[in-house]
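Asker:
Residue numbers (this note's numbering), protein chains in the order written: chain A, 11 to 334; chain E, 25 to 352; chain U, 33 to 544.
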């Protein structure tokens, strides 16, 4: 139990922070209800997937700057494919786009391994390329989406045995997020691949000597990040109903949430839960600032400042742990 | 540890060509520029005349200025993605402040955010050792936020462009763009800094081997702080010039030039890993990109394809430089 | 020797660019044998181990396992073939817990637990994160992990180096018992005591070649020292290479080091460095010499002890502070000191521009004079001066020294400056260091080539296990004496007394 606390102290602290923010929200706005929470979760969805993508890569000791561009590309692809198509066609579109994200992510990893150019440069270049590709697919926001996909994140699911008042606080979007993250993350965490991802991020030489196939593991880490980014792209289309070719603010947000979530930028440490809670913290903070009737642009400044400070703090911690 | 024992005389032809290209990257670049102009002339006969050249130079100058800031930063192995925001802020602020204040004061006010952002970047990268890319991206987002807030406070006042900046940005005298009055001294100054000052020497050395500079007694954070402030000021000046050229202050004034500024420096032979390159190459790189843009417009290439091209160029050129460096 | 060797490597060679790390190494291991692999610094031991365990691949050579030719391409591959190493640096993944580390290498947990207990760590928590486990215990865990897969050949690289005595004892015990079950062990160690107590035979490497295989018997250490040094050993050769230092009056104390302590490597080092002298430092790999030089150069902060410069206690927080005090560090690895893509001139002039007040325009005329005179003084071949990386290794090393000649540093800390450079350049560097000392400069000179001590130095400070174990006057500091001292053997050890008799004595020699 003490170890659990020690190893997850950061996550526990974040959860407490989240609860405090919820209480603050209720104090600021006593009417804040289940419906508001539902829209919060819908707003969180794309951020959460972006963060999941970034988390996997950062744990493997890398960084993926192309994550927002990848989301834009997958989002416009899904939107333009489903525009005017039948409801059933979406059953084909979703796996197709997911596979596309996975493959493009793998290409990122492959380019890093083959060219030996640092990941930060490679993913910067693929950021340009994916952005360009998104513009080629749709040069302005547009496209459409199947109704059933849209409905997947609206409202709640009645769960038998749970009173409606509690059920109202479990929106579909939250369930979807939880299910999708778990489907990928839990098996990964338990597999040798997952261990290998942590190993190459923690100490690449030691991992190599322990018999870890370093190149293959790195490619897989980027591929999984691509898969998460594709989920993020589809969720973007799900919540807006269209696809937008210009990437949203997900890159810096993902890095900030990763750092805030207790994943060291050097790699090898942390899990998925921390960053996901961190995303909720950051979004809820935004809600609170808005509820306090602060100019939304000031909110953007506050948010940006928090992210920069968090990243600086993270870099500082990494620096300290290296020098000691 | 590899011991390079080769002497220049004994190297095979292929390696000699590579070495020549890395020693004088300006030569193949000029060849490429001339080729592009030729292609343009063939595709659209008669387009290349005095007016076209003056216009091309006029539009290349803002890009070259922004790429100048980028070059300085890249010499140390960094990158500055906040230059777009800084330039936009300077341009937007000068356009709105000129309404109430004399042009000189407005320009001074417009450069204040540049100093602040440069300072913040310098502290983040130099002291806290945040990766420059993340740091400058972050400050640029904050800058955009401030700009949006600022916009709402001045939205009713309208905009006005100082005559001097308009003259500088758009004017052409005896076939030469007036912007050269600003650009030539700045370019000379940058090249002088790179080649003939202690600061310039440190930029190259840090990009090449930071550890070695530390052993030689260099304090990293001092150099980095000065560098990012210089970069921001350059970007700010570029913003002033650019708003005079475009005459439409918007919140995304210089943003579309950020990626090309990186590409111009990379094409010009400045290594994204640091330690190698210089401003002369970047100037040619900016010209190449400007001509290339004209070419792509004539070919009716969409914006998306252009970005893909920029991305591919950055990746390919970086990988190629890596091979050239490793080969020795 | 009728038994078929378990492992038989012949003609193994490995080149890094123009440098041959291994030229012609061979190693034959019998079943049930504990086999020592010995050699001076840089003889190629580690390279050979890395090749045998698949961490790097050889350029040529043949490796037979039980008479069958094997191509070991990766660590995983070696593991499957029954070759399991325990490297000098811990190879547990620091951020994973021990159980995950076992899963990663597919190590069975129960046998691992057994071995851990056997090795003297009774209460290990498998859920502990490897980073939080003390370094010594990590090494034990590394060993237990290797033992748990029951390898045919166990390779131990400096296994006992970082272990406290009680654990080391257990480890040696377990290793000895391994051989009883028919498994073999390759044992790399700098400690003669352990080798005598444990090993059956020893293969000696010198300059990347196997120069001999000897049976371990009392008194064999002299033979091994001879093999490691080659034909060069001649105990009676006096220090005739240069005139004795007695001719000169002793200079003022420039740097005084008292009880210096850095991390886990450097425990207690005290000595003086005087103006006008070249003091040699002799140590085997990893005895704390790196930390000593880094602390003096201002690169790392010491954990304890005092450094005095010209009688003033100093605390360096940045190399700039040391340089300000006139102390310059010349690292042995040239890639550490040089900006490889810059010109010779830029590299030599780098310290001129380091401080803020010198960031302005460069005074070319004055700088040219200083750079040119340094280039001439060191006779640097400037034909390829546009980029330092195009120079030969010797010329590169000259540039690292020329920088501080141009900057007129009063004290040079030279860390193995002649490593991997040609003989001619070495001679020039020796001459230069002597000249500098004659001009009143002080030089601390670590070298891994022991013959250099008598060529360059006024005395030799010998460090072993993070402590000064001996200070030899140059007259008696020949290679044999230095080698013995560096291995922690007492100065008067003679050929006819076996090592075993000195077991206790040499252990004690560590603490002066």
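We treat Cβ as the ideally placed atom computed from N, Cα and C, and that holds for glycine.
Starting from residue 197 of chain A and walking both ways along the alpha helix (DSSP H), at which residues does that stretch end?
Answerer: 182 to 200
Asker: If you count every other CB in all the chains shown that lies within 10 Å of the CB of residue 73 of chain E, and 16 or more means buried, which is it?
Answerer: exposed
Asker: Residue range of the alpha helix (DSSP H) that residue 68 of chain A falls in?
Answerer: 44 to 69
Asker: State buried or exposed for residue 392 of chain U, treating a residue as buried only when at least 16 other CB atoms are found within 10 Å of its CB.
Answerer: exposed
Asker: For residue 320 of chain U, which of U:311, U:293, U:333, U:303 has the nearest alpha-carbon?
Answerer: U:293
Asker: Would you identify the three-state DSSP class for residue 340 of chain U, choosing helix, strand or coil?
Answerer: strand
Asker: Indicate whether the contact test is met: 3 or more Cβ pairs, each with one atom in the region 239 to 252 of chain E and one in the region 215 to 231 of chain E, closer than 8 Å.
Answerer: yes
Asker: Please identify the residue among A:59, A:169, A:150 whose C-alpha is closest to the C-alpha of residue 246 of chain A.
Answerer: If we check each option's Cα against that of residue 246 of chain A, A:59 comes out closest.
Asker: Beta carbon of residue 366 of chain U, beta carbon of residue 411 of chain U: below 8 Å?
Answerer: no
Asker: Say whether chain A places a C-beta atom closer than 8 Å to the C-beta of residue 189 of chain U.
Answerer: No, no contact with chain A.
Asker: What do you reckon, are the CB atoms on residue 81 of chain U and residue 247 of chain U nearer than 8 Å?
Answerer: no
Asker: Please tell me whether residue 496 of chain U and residue 518 of chain U are closer than 8 Å, where the distance is taken between their beta carbons.
Answerer: yes
Asker: When Cβ atoms are compared, which residues of the region 214 to 235 of chain E fall closer than 7 Å to chain U?
Answerer: 220, 221, 222, 223, 225, 226, 228, 229, 232, 233, 235
Asker: Counting only runs of 4+ residues fully inside the region 64 to 110 of chain E, write out the alpha helix (DSSP H) ranges in chain order.
Answerer: 74 to 99
Asker: Sorted by chain position, which residues of the same chain lie with C-beta nearer than 6 Å to residue 86 of chain A's C-beta, five sequence neighbours on each side aside?
Answerer: 144, 147, 148, 253, 255
Asker: Mapping DSSP to helix, strand and coil, what is residue 315 of chain U?
Answerer: strand
Asker: Scan the region 388 to 409 of chain U for residues whose Cβ lies nearer than 7 Å to a Cβ of chain E and list them as they occur along the chain.
Answerer: 388, 390, 391, 392, 393, 394
Asker: Excluding five sequence neighbours on each side, which residues of the same chain lie with their C-beta closer than 6 Å to the C-beta of residue 275 of chain U?
Answerer: In this prediction, residue 275 of chain U scores a pLDDT of 47, lower than 50, which makes its location untrustworthy; the coordinate-derived value is nonetheless stated afterwards. Same-chain partners within the cutoff: there are none.
Asker: Taking the beta carbon of residue 422 of chain U as the centre, do at least 16 other beta carbons fall within 10 Å, making it buried, or is it exposed?
Answerer: buried
Asker: By a C-beta neighbour count over all protein chains shown, 10 Å radius and 16 as the cutoff for buried, is residue 272 of chain U buried or exposed?
Answerer: Residue placement at residue 272 of chain U is flagged as unreliable, the pLDDT there being 42, under the threshold of 50; the coordinate-derived value follows with that caveat. So residue 272 of chain U ends up on the exposed side.
Asker: So which residues on chain E does residue 317 of chain A lean against when the C-beta distance must stay under 8 Å?
Answerer: 162, 165
Asker: Which class does residue 163 of chain U belong to by DSSP, given the choice of helix, strand or coil?
Answerer: helix
Asker: Does the beta carbon of residue 43 of chain U sit closer than 8 Å to a beta carbon anywhere in chain E?
Answerer: no
Asker: Identify whether residue 129 of chain U lies in helix, strand or coil by the three-state DSSP scheme.
Answerer: strand
Asker: Between the C-alpha atoms of residue 266 of chain U and residue 253 of chain U, what's the straight-line distance to the nearest angstrom?
Answerer: Residue placement at residue 266 of chain U is poorly supported in this model, since its pLDDT is 44, which falls under 50; the coordinates are not used for a value here.
Asker: Can you tell me whether DSSP reads residue 216 of chain E as helix, strand or coil?
Answerer: helix
Asker: Taking the Cβ atom as the reference point for each residue, do residue 23 of chain U and residue 212 of chain A lie within a distance shorter than 8 Å?
Answerer: Nothing can be reported for residue 23 of chain U: it is not among the residues displayed for chain U, which extend from 33 to 544.
Asker: Does residue 273 of chain A get closer than 8 Å to chain C when you measure Cβ to Cβ?
Answerer: In the structure shown, chain C does not exist; the protein chains are A, E and U.
Asker: Check for me: the beta strand (DSSP E) holding residue 237 of chain U runs from which residue to which?
Answerer: 233 to 238
Asker: Identify, in the order they occur along the chain, each residue of the same chain with its Cβ nearer than 8 Å to the Cβ of residue 245 of chain U, setting aside the five sequence neighbours on each side.
Answerer: Closer than 8 Å at Cβ, skipping near neighbours: 60, 233, 234, 235, 236.
Asker: Select from U:226, U:446, U:333 the residue whose C-alpha is nearest the C-alpha of residue 363 of chain U.
Answerer: U:446
Asker: Does the beta-carbon of residue 198 of chain E have 16 or more other beta-carbons within 10 angstroms, so that it is buried, or is it exposed?
Answerer: Residue environment: residue 198 of chain E is assigned as exposed (fewer than 16 neighbouring CB atoms within 10 Å of its CB, all protein chains considered).
Asker: Does any residue of chain U bring its CB to less than 8 Å from the CB of residue 331 of chain E?
Answerer: no
Asker: Between the alpha carbons of residue 282 of chain A and residue 290 of chain E, how many angstroms are there, rounded?
Answerer: 36 Å
Asker: Does residue 327 of chain E come within less than 8 Å of chain A when only Cβ atoms are used?
Answerer: yes
Asker: Using DSSP bridges, identify the partner residues of residue 70 of chain U.
Answerer: U:236
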